[in-house]
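For what it's worth, UniProt numbering labels the leading residue of the sequence shown as 1, then goes sequentially. Even for Gly, the Cβ is constructed at its ideal location relative to N, Cα and C. Quantities reported herein were computed from a predicted structural model and do not represent experimental measurements.
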Amino acid sequence: MRNEIENIVDEIKQAVSLLRRHLDWDQAVRRLDWLNNKAEDPTLWNDAAEAQKLMRERQGLDEGINSVRAFEQQLKDCIELIELGEEEGDADIIRDAEDTLKGLRTEAARRQVEAMLSGEADSNDTYLEVHSGAGGTESQDWANMLLRMYTRWAERQGYKVELMEIHDGEEAGIKSATLLVKGHNAYGWMKTESGVHRLVRISPYDSNARRHTSFSSVWVYPVVDDSIQIDINESDCRIDTYRSSGAGGQHVNTTDSAVRITHMPSGIVVQCQQERSQHKNKAKAWDMLRARLYESELKKREEAANAEAASKTEIGWGHQIRSYVLQPYQLVKDLRTGVESTAPSDVLDGELNDFMEAALAHRVNGGADAAVDDLN
């Protein structure tokens, strides 16, 4: 085989070896066998909470072990096909196998990063909030672009997306919105997106076609499952009801069905207007508040998160984690890792994996933010 293909094969083998070590392979296989046997035990669901915990563990181990086995089998098949093609002088077989190997290398690298998602809440569903910064219509339109970007990314990953609340802008865009993203490792993938995002473009709202800079913030926090106890003193909370402002049925927009809860000791505010019933919105808002308080506690345990929390104090210059420039040139640049894309339209359409993988690897490895110059 040519040197390039030999290098790709070596990279895949190294990635698979790292995945095996991360799983603690022999122990993981034994544990999965035990969990599979346990799943057949009719008494398992006598304790529903414990059963759900074991089934989540089983799913994670099953996915991890099967992915490693699949990589190994596909690698073996590709090597055999290349050897067969070389023996028979069939260039098409060789080319097809090489293309498969390149795709396998990309997927193995992604799985390697995903294997790092071993934090306490990484496997959970997640909430994502978007807030526009100062600047009126410009920043509100930018906030709406971010909301669409994350919705498209989540849908591409096969995640389910629910809009929990939205506050429309006066002329265009949104003032704020909250998404609920459901899927395995949703929080683990999205947690590095918290921070201020900066947009530079020729404003479609400026009759003089001048260049504008807009800021919006993103905040990500995990859904708290029932096994995690978060104590909230209701006397520390203020509950307000208001009329839903987003799209919806007649009933939604003519009654005070939306709910806002303010946790006064922490200053955390959550809102929900997804349901027609005020009672249901209140229940979901309490869940969101528990999640925010849990996320706050998680952040206290991580040094890296302190910087993120500080970045949320002001939605403006000097606090951004990523810049998106549409004019006079086209470039998206992450200011923590230096990762760039010259296709902002693809990024804004949900092509975020390169940025997320680099930020996740950077965060897991515990390094300080790189000294990356912002875009002009």
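Counted as a single uninterrupted DSSP element, the beta strand (DSSP E) harbouring Tyr242 occupies residues Cys237 to Tyr242. For Leu199, same chain residues with a beta-carbon under 6 Å away, outside a window of 5 residues either side, are Trp142, Ser214 and Tyr324 in chain order. Cβ atoms of Leu179 and Leu128 come within 8 Å of each other, at about 5 Å. One Cα belongs to Tyr242, the other to Tyr221, and the distance between them is close to 24 Å. Straight-line spacing of the CA atoms in Ser203 and Ser266 works out to 37 Å. In the DSSP annotation of this structure, Ile93 is not part of any beta strand (DSSP E); the continuous alpha helix (DSSP H) holding it starts and ends at Ala91 to Glu114.
Just measuring C-alpha positions, the residue of Leu298, Ser257 and Thr342 sitting nearest Ala285 is Ser257. For Ala28, there is no enclosing beta strand (DSSP E); the residue is part of the alpha helix (DSSP H) that begins and ends at Trp25 to Ala39.
Take the alpha-carbon of Arg211 and the one of Glu340: they are about 21 Å apart.
When the alpha-carbon of Leu147 is set against those of Gly173, Gln157 and Tyr159, the nearest one is in Gly173.
Sixteen is the threshold: since fewer than 16 other Cβ atoms of the shown chains lie within 10 Å of the Cβ of Ser277, the residue is exposed. Rounded to whole angstroms, Arg105 and Arg238 show a C-alpha spacing of 52 Å. The C-beta distance from Leu35 to Glu57 rounds to 6 Å, short enough to meet the 8 Å contact threshold. Look at Val224 here: in three-state DSSP terms it is coil, with no helix or strand label. Short of 8 Å from the beta carbon of Ser67, and not among the five residues preceding or following it, lie these beta carbons of its own chain, in chain order: Leu19 and Arg111. CA-CA distance, Ala121 to Glu170, rounds to 37 Å.
One alpha carbon belongs to Asn124, the other to Val223, and they sit about 6 Å apart. If the five residues before and after Trp153 are omitted, its C-beta is found closer than 6 Å to the C-beta atoms of Gly350 and Leu352, all from its own chain and listed in chain order. Per DSSP, reduced to three states, the secondary structure at Glu120 is coil, with no helix or strand assignment. In the displayed model, Ser345 falls within a helix according to three-state DSSP.
Of the residues assessed, Tyr205 falls on the exposed side of the cut-off, its CB having fewer than 16 other CB atoms within 10 angstroms. In this structure, Leu61 and Ala51 do not form a Cβ contact; the two beta carbons are roughly 16 Å apart against a cut-off of 8 Å. Excluding five sequence positions before and after Glu63, the CB atoms of its chain that fall closer than 8 Å to its own CB belong to His184, given in chain order. By the Cβ-count criterion, Val181 is buried, with 16 or more other Cβ atoms from all chains shown falling within 10 Å of its own Cβ.
Exposed is the label assigned to Val29, since fewer than 16 other Cβ atoms lie within 10 Å of its Cβ. In the three-state scheme derived from DSSP, where H, G and I count as helix and E and B as strand, Val196 is classed as strand. Apart from sequence neighbours up to five positions away, the residues of its chain that approach Gln74 with a beta-carbon distance below 8 Å are Thr100 and Leu104, ordered along the chain.
Leu335 and His197 have their C-alpha atoms some 10 Å from each other.
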